[in-house]
Amino acid sequence: MLLLVDAAPILLFDFDGTTCLGDDPVLAYAHEVEKLLPADEFGVIETELNAFLRGDRGSVFLDGYAAVAQLVGDRCSLDDLAGCYLRSREQLADGVLDVHAPAGLADLLAGTDATAVLVTNAPDIGIDSVLGQLGLAQAFDHVVTDAAKPAGMRKMLSAADIGERSVAAIGDIWINDLAVPHEFGYSTAYIDRFGRGDGDPTWRAVTPEALIDELATWLEVSTGEQT
């Protein structure tokens, strides 16, 4: 449950593809899967995955992780895929993957009194270490892992004593990150990297960097409304 101690606005950030950028985590997941498949079968999967990540396959998948799972199909069990995913997260936590935060995000969060909440479906495997790598070690007031969005988002927002606080959610998968906040009447910032066109967000952009100014303006207005 979110413990809210003042009337400050609330920012709800997703992690992968929103706060943590770079395709290395997805590629690490894919290479773990590679170990379970014949070389010729994985070659086709790798070609399609790379084409999707380059933007050559449009919006056929939700994101890179979904692309790997769907391209693999029934060649691997769900348990095998889960194990591959966890091993890729361990690599991320160990700092061996190339990731970065959106330019301007650290300054945005450092310059506001808003309550910043990181809400991710990813497990709590070195999340604090990764935030440190991203230059965001002290950026979030709350970190929620294994969030089980979208159902977990609904549960969290329903349980929180949000009252009249202004809320904005930022994410790259509409159904997981933004659909529930939108239903609650909150502002939503959709990072639509693959041009899916999902939902009806307050703001939409291809990159998170393109949303920083919109969020900064929203914070100024929302903070003013609380004073």
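Take 19 as the starting number for the sequence shown in the numbering used here and just add one per residue.
Think of the CB as a built atom: it goes at the ideal place given N, C-alpha and C, for glycine as much as any other residue.
It should be emphasised that the depicted structure is a prediction, and the values quoted were computed from it without experimental measurement.
Excluding five sequence positions before and after Pro43, the CB atoms of its chain that fall closer than 7 Å to its own CB belong to Asp34, Ser106, Leu110, Leu115 and Val117, given in chain order. Spanning the alpha carbons of Ala87 and Gly242 requires a straight line of approximately 45 Å. Proximity to Lys167 across Tyr204, Leu89 and Phe31 peaks at Phe31, based on C-alpha coordinates.
For Gly189, the uninterrupted beta strand (DSSP E) run begins and ends at Val185 to Gly189, by DSSP. The beta-carbon separation of Ala186 and Leu233, rounded to 7 Å, stays under the 8 Å limit for a contact. Shortest Cα-Cα distance from Ile143 to any of Ala121, Gly153, Asp58 and Tyr103 involves Tyr103.
The beta-carbon separation of Pro27 and Arg211, rounded to 26 Å, does not stay under the 8 Å limit for a contact. The straight-line gap separating the alpha-carbon atoms of Ile209 and Leu54 is approximately 32 Å. Remark: fewer than three beta-carbon pairs, one from each stretch, lie closer than 8 Å, so the stretch 132–139 and the stretch 82–100 are not flagged as touching. Secondary structure at Arg222: strand, using DSSP grouped into helix, strand and coil. Leu39 and Ala119 have their alpha carbons spaced roughly 6 Å apart.
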